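To start, the structure itself, in structure tokens.
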Amino acid sequence: MKPNKSPGPDGIPGELVKELFYANKVCFTALLNRLLELGVFPKEWKRANIVFIPKENKDLSVPAHYRPICLLSSWGKIFDKLISNRITYYLEADNFLNPRQYGFRKRKSTIAAIQNIKSFVEQAALDKKNGLPYFTGH
């Protein structure tokens with residue numbers, strides 16, 4: 359968790375949750391694993407406070423001139439990250455994702471994608487083949 363973030367509806371700062379978690383890893387890990395086994399995501403952890411931050415030098419009578427910020431429970435963020443990490447682990451372990459899928463993946467970068475395209479184009483040139491790279495945003 360990033361330090362100095364505003365707390366969600368429970369009012370518990372992320373730094374405190376982090377300290378509590380590391381002080382009692384076994385207890386909290388057992389709790390989170392049990393919630394996963396039961397398929398339960400506590401309602402309190404789903405609640406959010408929405409704060410509207412005014413944009414600079416804008417007419418504040420116009421609703422579009424505000425930036426909505428959603429403040430979530432730190433416990434909910436931790437549980438959400440746990441679920442996300444587990445799903446990602448299984449997708450990666452079972453090679454479910456295309457190796458050319460670079461977006462939103464660890465150890466996959468724009469630079470790696472560009473290098474892949476460059477290699478493809480260079481190989482096509484060596485093989486005297488014509489082609490165009492195709493990009494999708496799916």
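Everything in the sequence shown is counted per the working numbering, starting at 359 for the first residue and increasing by one. Even for Gly, the Cβ is constructed at its ideal location relative to N, Cα and C. Given the structure is predicted, the values throughout are model-derived calculations rather than measurements.
For residue j and residue i, the rounded distance between their alpha carbons
| i | j | result |
| --- | --- | --- |
| Ser432 | Leu374 | 9 Å |
| Ala451 | Leu440 | 16 Å |
| Lys476 | Gly489 | 13 Å |
| Gln481 | Phe379 | 51 Å |
| Ile472 | Trp403 | 40 Å |
| Ala388 | Leu449 | 24 Å |
| Ser392 | Phe399 | According to the sequence as given, residue 392 is Arg; it is not Ser. Their Cα atoms are separated by approximately 11 Å. |
| Pro361 | Cys385 | 23 Å |
Reference residue i; option with closest CA among the options
| i | options | result |
| --- | --- | --- |
| Arg405 | Asn391, Leu393, Ala422 and Leu430 | Leu430 |
| Tyr447 | Lys464, Arg425 and Asn391 | Lys464 |
| Ile411 | Val398, Val420, Phe399 and Arg425 | Arg425 |
| Glu395 | Pro421, Met359, Phe454 and Arg444 | Arg444 |
| Lys376 | Lys486, Arg458 and Lys435 | Lys435 |
Three-way DSSP call (helix, strand, coil) for residue i in this model
| i | result |
| --- | --- |
| Ile411 | strand |
| Tyr492 | coil |
| Tyr424 | strand |
| Leu455 | coil |
| Lys430 | The sequence given here has Leu at residue 430, not Lys. Looking at Leu430 - three-state DSSP - the assignment turns out to be strand. |
Neighbourhood of residue i by C-beta, 6 Å cutoff - its chain only, sequence neighbours within 5 removed
| i | result |
| --- | --- |
| Pro491 | Ile475 |
Contacts around residue i, its chain only, beta-carbon distance under 7 Å, and the 5 residues preceding and following it disregarded
| i | result |
| --- | --- |
| Asp407 | Residue 407 is actually Asn in this sequence, not Asp. Closer than 7 Å at Cβ, skipping near neighbours: Gly366, Pro367 and Leu429. |
| Ser364 | Leu429 |
Own chain partners of residue i with C-beta closer than 8 Å, once the 5 adjacent residues on each side are dropped
| i | result |
| --- | --- |
| Thr468 | Tyr460 |
| Leu455 | Leu449 and Arg463 |
**Request:** Answer yes if the segment 369-384 comes into contact with the segment 407-420, meaning at least three C-beta pairs across the two stretches below 8 Å, and no otherwise.
**Result:** no
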